[in-house]
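Report on the structure given below.
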Amino acid sequence: MTYIEKPSISNVVKFDDPDVTQVKKLKVMLNTGTDIYQGACKKRGSTLKDEYRKVAGVCYMDPKDMARLGVGNWESILVKSDWGEVVCYAAHSRDAPHEGMIFIPKGPWANVVVSPETYCCSDPTYKGIKATVEKSDKEVLLMADLMRDVYKKYVKEGEETEELPSLGESPVYKKIRSQ
Amino acid sequence: MAYEEPVKDYDKIVENCTCAFCGSNCDDLDILVKDNHVAGVRHACRLGASKIMEDEDQRLLVPMVRDENGELVEVDWDTALDKAAELIAGSIRPVFYGWSETSIEAMKPGLELTELVGAVIDNQATICHGPTVQAVQNVGYPLMTLGEVKNRADMLVYTGSNPMNAHPRHLSRYTTYPKGFFRRRGRFDRTLVTWDPKFSDTAKLSDIWVPFEENGDYGFCNAIRAVLKGKELKQDVISGIPKEDIYELTEKMKNTKFGALFFGLGLTHTLSKQRNIDIAIQLVQDLNKYTKWVLLPMRGHFNVNGFNIFMSYEMGFPYGVDFSRGYPRYMIGETTTIDLLNRRECDVFMVIAADPGAHFPGGALAHLANIPVIQIDIHWGPSTEMADVVLPGTFIGVETAGTSYRMDSVPLYMKKAIDPPETCREDEWIVNELLQRVKNIKEASK
Ligand code: SF4
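Top line first, the protein sequences correspond to chains A and B.
Take the first sequence: its letters are residues 1 to 179, numbered as in the working numbering.
Take the second sequence: its letters are residues 1001 to 1446, numbered as in the working numbering.
Spelled out as C-alpha cells, the structure:
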C-alpha cells in the first residue's frame, strides 16, 4: 500500500545538487488545472492586476528541474508546445517531487500552450501535453497585454504588439462623461 | 497569514445565503451587510469569500460597445442592447455559451432566443465534465446525494480532482469530516483515499495516496476491476502501482460498508476522456456486487449541473444543443463549442456568465478574434479584452435571487443579500430584452 509519507522537500532550489546536470532545454509533461490561488483571484475579478499574473502566469516545477535549468523562484521561463509558446514565472511546486512534470494553473497563460484538440469529445486536451521549458529574459505579460499579444483582435495592421504601451492593471474604456 | 480582526462594523446579517462559486453550493453563509455593501462573509471558504467580497475596481458597471478604433466606449442600455440584438439577428451560426454562473431563471429566455435564431446553446460542461455526461449516457449513473455520504460513507475516494483547491468545503461539509448518523466520530470513522499522480493538497490529508502515472487512470481502474472479478494480474506493476498494492486496495474497497467515489477533471481532460469515466462508473457497478458504492462528478461552477438538468428536461439533451435545423440536435464533436470554434464555423459568439478568455485553449480562442463577441458578465476579465459588446449583469446569490442545482442535482434557491448597482441589470432581464429586440428585428424584416 502506498501510504502517505510526506516527501521532504526544501523550499530552496539547490543549484549545486550533485545529481543535477545543467541543461538549456528541458522536455516535460505539462498539466493544467485549477488551484486555489488562481480560483480566488479570478472569481474575485482581479484579472487585470499583477496579482493574477503571479497566480496564473506561473509554472510550478520540481526544484530539481529548476536547478537543471538554473532558474530560481519568480524568474522567467519560456514554455513551448506544439500549439504555442508563453513566458511565465518559474516557482517551486508545493506538490513536489514530480520531476519531468510542470503545472500551470488554468488561465490565459496556460491557454496558449494547451491543445484545442477534442478528439470529437467536446473537451479539449488540457492535461498531459508534451512541452519544453527554457530560461527566458522576457518579462511575463499582464493579462490585458497577453490577450493583445496573442490574439491581436484590436491591433491595427503593421503595429507590433511588443512596441505598444502596456494596457496596465485597470480597465481601459472611454467614459461618456469625459467626452 | 496574519491574524485579521473579525468584522464588527455592519448593519445586518443575511443568514443562510448560498455560495455562488463551486458545485458544493454551501447554503449556510452569513453575509454581513453595511450600507448596501458586503462588509464580510462568514462560513465561506477562501474561494467563496473571495468571490463574495469582490474586487470592485473591475466590476462591469456600464454597457460598452467597441468603436471603430477598437476601444470600448460607454453607451446607454438601449444602444448596447440594439447593437447586440442586431448582431444576433444578422448571424448565421451563432453560439450562446456560458450559463453556468447564472440562475435557471435566466436560462429560460435564453433557450427561447436560441430557438428563435437557430443558434447553438452550450455551457461550461463542454470543456469540463462533457465526457462525464457522455459516459453517463453510455453506462449509467450510480448517484447519491451528499447527505447520504455524510451520514453513511466510511470510504471516500477522490480521483482526478483536488477538492482542497477547487471545492474547499467539500470534505468538511459533506464527506470526510462531518459527524454523520452512522459515522458518529466523523473523520475517525472514515478512510480518505486519493488517486492522483500529484501529491496534491488533498493527497496530503489522505490516509492512502495512490500515485498512478500520468494517463494511467484507465489502466489502474481496469486493474481493480480485474481483481474484483477474481482475475490474476499478470504484470507486476500496473500504471506505476505495484500489483500487491492493487490487491490490498481492492480488498479494502470491497470491505467497506458504504463507499463513495468522486472524480474530477483529471479523468476527463486526459487522453482517454469519456472512456476513463466509463471505466470508473463500471468499477462502481462492479463494487456493488460486494457492497454499496456510489459516485459523483465534482462539478465546478455552482450551476453547471443546473444547465445540464434544465436542458435535458426542456430539450432532451444536456449541452451543446444545436437549433440550426429548427429542432434540437446534439452531436458531440460537431455541435459543441470548442469544435465549432476549431472549425471556424461560428459567426457571432455570445458569452453569458462565463469566461472563455480564461478557459478556452488558444487554438479555439483565436477564432473569437475574427468574429463579434457579446459578453454578459459582472467582472472585467480576459473575455472583455475580446468583446465587442459588453452588458453588465448582476451577481446571483448576492445581488439577485435565483435557482441553482448543486453537484448532486439538489435544487437550491439562492437568496439575495444586497441591491445590485443601479446601472447593472439582471441576466434574466438582459436576455429577455435581447429576445424581444431580436423578435422585433425579425418581424420588421418579414
Ligand atoms: S466550498 Fe464551494 S460553495 Fe462552499 S464556500 Fe467554498 S467555494 Fe463556496
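All C-beta atoms, glycine included, are put in the ideal place defined by N, C-alpha and C.
Chain-ordered chain A contacts of residue i [CB-CB under 8 Å]
i, result
"B/L1032", "Correct list: empty, because the minimum Cβ distance to chain A is about 17 Å."
"B/W1099", "Within chain A, no residue comes near B/W1099; the closest Cβ sits about 15 Å away, beyond 8 Å."
"B/W1380", "G45, T47, L48 and P171"
"B/G1320", "S122"
Secondary structure of residue i, DSSP reduced to three states
i, result
"B/R943", "There is simply no residue 943 of chain B to check, as chain B begins at 1001 and stops at 1446 in what is shown."
"B/S1050", "helix"
"B/Q1235", "coil"
"B/I1121", "strand"
"B/S1383", "helix"
"A/Y173", "coil"
"B/Y1141", "coil"
"A/D145", "helix"
"B/C1221", "helix"
"B/L1391", "strand"
"B/G1098", "strand"
"A/R53", "helix"
"B/C1346", "coil"
"A/I4", "Low confidence applies to A/I4: its pLDDT is 30, below 50, so where it sits in the model is not reliable enough to give any reading."
"B/G1316", "coil"
"B/M1001", "Residue confidence for B/M1001 is low, a pLDDT of 47 falling below 50, so the modelled location carries little weight and cannot support an answer."
"B/G1040", "strand"
"A/P124", "coil"
"B/Q1375", "strand"
"B/V1438", "helix"
"A/Q179", "For A/Q179, the predicted structure reports a pLDDT of 43, less than 50, and the residue's modelled location is therefore unreliable. The matter cannot be settled from this model."
"B/I1279", "helix"
"A/R44", "helix"
"B/F1307", "helix"
"A/L26", "strand"
"B/V1136", "helix"
"B/M1331", "coil"
"B/V1448", "No statement about residue 1448 of chain B is possible, as the shown extent of chain B runs from 1001 to 1446 and does not include it."
"B/T1176", "coil"
"B/V1284", "helix"
"B/P1242", "strand"
"B/I1396", "strand"
Interface partners of residue i on chain A, CB under 9 Å
i, result
"B/K1415", "None at all; the shortest Cβ gap to chain A is about 19 Å."
"B/L1271", "Y119, T125, K127 and G128"
Per-residue contacts from residue i into chain A (C-beta, under 7 Å)
i, result
"B/L1265", "G33"
"B/I1127", "D123 and P124"
"B/H1359", "K106"
"B/D1347", "The premise fails here: B/D1347 is roughly 15 Å from chain A at the closest Cβ pair, so nothing lies under 7 Å."
"B/G1070", "Y154"
Identified DSSP bridge partners for residue i
i, result
"A/I104", "A/T32"
"A/S93", "DSSP lists no partner for A/S93."
"B/T1191", "B/M1155"
"B/C1022", "B/H1301"
"B/F1258", "B/K1292"
"B/L1029", "B/C1017"
"B/R1066", "B/L1072"
"A/K80", "A/E85 and A/T132"
"A/V112", "Per DSSP, none; premise fails for A/V112."
"B/P1411", "B/Y1405"
"B/K1012", "B/V1033"
"B/D1322", "B/V1120 and B/R1329"
"A/Y60", "A/A91 and A/F103"
Within chain B, the residues that residue i reaches when beta carbons sit closer than 8 Å
i, result
"A/T21", "Residues of chain B passing the Cβ test: none, with the nearest at roughly 23 Å."
Within chain B, the residues that residue i reaches when beta carbons sit closer than 7 Å
i, result
"A/C120", "I1332 and G1333"
"A/G168", "Here the premise fails: no neighbours, minimum Cβ distance about 12 Å."
"A/P150", "Contrary to the premise, residue 150 of chain A reads as Val rather than Pro in this sequence. Those are G1362, listed as they occur along chain B."
"A/V28", "In chain order: nothing, as chain B lies at least about 11 Å away."
Interface partners of residue i on chain B, CB under 9 Å
i, result
"A/W74", "Here the premise fails: no neighbours, minimum Cβ distance about 20 Å."
"A/P63", "Near A/P63 there are no residues of chain B at all, since even the closest Cβ is about 14 Å away, more than 9 Å."
>> Taking contact to mean 3 or more Cβ pairs, one atom from each stretch, closer than 8 Å, check whether the segment 1324-1333 of chain B and the segment 1433-1446 of chain B are in contact.
In response: At 8 Å Cβ cutoff, the stretches do not touch.
> Would you call the segment 1113-1128 of chain B and the segment 1162-1172 of chain B in contact, with 3 or more CB pairs under 8 Å?
Replying inline: The segment 1113-1128 of chain B is not in contact with the segment 1162-1172 of chain B.
> Do three or more CB pairs link the segment 1388-1406 of chain B to the segment 1288-1307 of chain B at distances below 8 Å?
Replying inline: Put simply, the segment 1388-1406 of chain B touches the segment 1288-1307 of chain B. At least three CB pairs are less than 8 Å apart.
> For the segment 1223-1238 of chain B against the segment 1184-1204 of chain B, are there 3 or more C-beta pairs whose distance is under 8 Å?
Replying inline: No, they do not touch.
> Hey, is the segment 1111-1126 of chain B in contact with the segment 1261-1273 of chain B, meaning 3+ C-beta pairs nearer than 8 Å?
Replying inline: Using a C-beta cut-off of 8 Å, the segment 1111-1126 of chain B makes no contact with the segment 1261-1273 of chain B, since fewer than three inter-stretch Cβ pairs fall below that distance.
> Okay, do the segment 1284-1293 of chain B and the segment 1077-1085 of chain B touch, 3+ Cβ pairs below 8 Å being the bar?
Replying inline: Not touching, per the Cβ criterion.
> With a cut-off of 8 Å, do at least 3 Cβ pairs link the segment 1002-1016 of chain B to the segment 28-36 of chain A?
Replying inline: No: the two stretches stay apart, fewer than three of their Cβ pairs being nearer than 8 Å.
> Would you call the segment 137-147 of chain A and the segment 30-50 of chain A touching, i.e. three or more CB-CB distances under 8 Å?
Replying inline: Contact annotation: the segment 137-147 of chain A touches the segment 30-50 of chain A, with at least three C-beta pairs closer than 8 Å.
> How do the segment 122-138 of chain A and the segment 1268-1283 of chain B stand: do at least 3 beta-carbon pairs fall below 8 Å, yes or no?
Replying inline: Between the segment 122-138 of chain A and the segment 1268-1283 of chain B there are three or more C-beta pairs closer than 8 Å, enough to call the two in contact.
>> Counting beta carbon pairs with one atom in the segment 53-63 of chain A and one in the segment 104-121 of chain A, are three or more of them shorter than 8 Å?
In response: Judged by Cβ distances under 8 Å, the segment 104-121 of chain A makes contact with the segment 53-63 of chain A, as three or more pairs qualify.
>> Across the segment 1084-1101 of chain B and the segment 1411-1426 of chain B, are there enough close Cβ pairs to call them in contact, namely three or more that are closer than 8 Å?
In response: Segments in contact, no.
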